[in-house]
Amino acid sequence: MDSLASLPWKSKSPGPVIEKGEKLLLETRHHWMKHIVPIGVFVILAPLCVALFPIALSLRTESVQLSAIIFFGTLISLLLIHHWFFHAMLSENVTDIILTNRRVFYMSHQLWFADTMDEVVLQSIKIVEAGRRGIVRRLFNYGELWFDIGGGGQKIPYVPSPQTWATYIERMRT
Amino acid sequence: MSTPLLIFLGIQLVSFAIVGAILFEHWRVCKHREEIFQHLGDRNRERRRRRRLALITFYLLTTLCIALVPGYFFFLSN
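Protein chains in written order, with my numbering: chain X, 1 to 174; chain L, 1001 to 1078.
Structure follows, in structure tokens:
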């Protein structure tokens, strides 16, 4: 596998060298199912935190200290959930899976924490597999791509319509 | 200024600093990404830009709401 940048910190690499005549064929992000967990956590926990604010306000007349503790605890919890959720969403927003006439790029980011870019040259791919295992993946038409490049493999998860991608890749390899 | 108000303002300052840091890194990564797409001849720049703008606007508005609404009801309303 040709890996140009797998760094835990902010990458200062100039990015992939785009060859002459290399053109974009397909481009996508992760399937929306990847967002289910952060959205679910946000939808459940954020309203719970918001519901504690009226309790903190109602306790002001009885115990100012307890009211302040509940208020600030709730505020900090809500802000942590809020920033965690948008960090995840903004990170997913800049994750790309790109197919050109020469290579497959998989660029994934966790803002400030991880910055990885993997590329697989089409001519080095021996086998490409597209899998949609399970009823949920078949229902929502997403899965994973797996490349055998001789001596190793590269997997790209949460690919929308993986069969389409596999077909394109096979076509470009020949 | 009372101590709870100072603590509240301090928390909001840290919150907006986090927003700034996240958006700065997002902008840096997007700039790098758009250069790659430009070299590859991509035509979906406008769609990506609209999606990015919507997400950032939503993030800023919700952060502002969290900054203003609880503070108003706790410190200013009787």
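The beta-carbon is built from N, C-alpha and C at its ideal position, and this holds for glycine as well.
Are three or more beta carbon pairs between the stretch 150-169 of chain X and the stretch 1002-1017 of chain L nearer than 8 Å?
no
Taking all protein chains shown into account, decide if X/Gly143 is buried (16 or more other Cβ within 10 angstroms of its Cβ) or exposed.
buried
Apart from the five residues just before and just after L/Glu1035, which ones in its own chain have a Cβ nearer than 8 Å to its Cβ?
none
Given a threshold of 16 other Cβ atoms within 10 Å of its Cβ, counted over all protein chains shown, does X/Glu62 qualify as buried or as exposed?
exposed
Since X/Leu111 and X/Leu90 should fall inside the 8 Å C-beta cutoff, what is the C-beta to C-beta distance between them, to a whole number of angstroms?
6 Å
Mind pulling the chain L residues with CB within less than 9 Å of X/Trp112?
Ala1021, Ile1022, Glu1025
What does L/Leu1055 touch in chain X if you count any residue whose Cβ is under 7 Å from its own?
Met89, Leu90, Asn93
Would a check of beta-carbon distances place X/Lys12 closer than 8 Å to chain L?
Unreliable positioning characterises X/Lys12 in this predicted model, as indicated by a pLDDT of 45, which lies under 50. A coordinate reading is not provided.
Below 8 Å on C-beta distance, what does L/Gly1010 contact in chain X?
Simply none; closest approach about 10 Å.
Within 10 angstroms of the Cβ of L/Phe1008, are there 16 or more other Cβ atoms? Answer buried if so, exposed if not.
buried
May I ask whether a heavy atom of the ligand MN can be found less than 7 Å away from the beta carbon of X/Pro160?
Absent from the structure shown: the ligand MN. Ligands present: none.
Stretch pair the stretch 65-75 of chain X + the stretch 127-146 of chain X: three plus CB contacts closer than 8 Å:
no
Would you call the CB atoms of X/Leu45 and X/Ile81 closer than 8 Å?
yes
When you compare only the Cα positions, how much space is there between X/Ile156 and L/Ile1066?
37 Å
Contact between the stretch 1015-1027 of chain L and the stretch 1049-1063 of chain L is defined here as three or more beta-carbon pairs at a separation below 8 Å; is this criterion met?
yes
Quick one: does X/Met78 have its CB under 8 Å from some CB of chain L?
Correcting the residue type first, residue 78 of chain X is Leu in the shown sequence and not Met. For X/Leu78, the answer is yes, since a Cβ of chain L falls inside 8 Å of its Cβ.
Does the beta-carbon of X/Leu139 have 16 or more other beta-carbons within 10 angstroms, so that it is buried, or is it exposed?
exposed
If you measure between the beta carbons of X/Gln123 and X/Arg173, is that distance less than 8 Å?
yes
Just how far apart, CA to CA, sit X/Met107 and L/Leu1064?
31 Å
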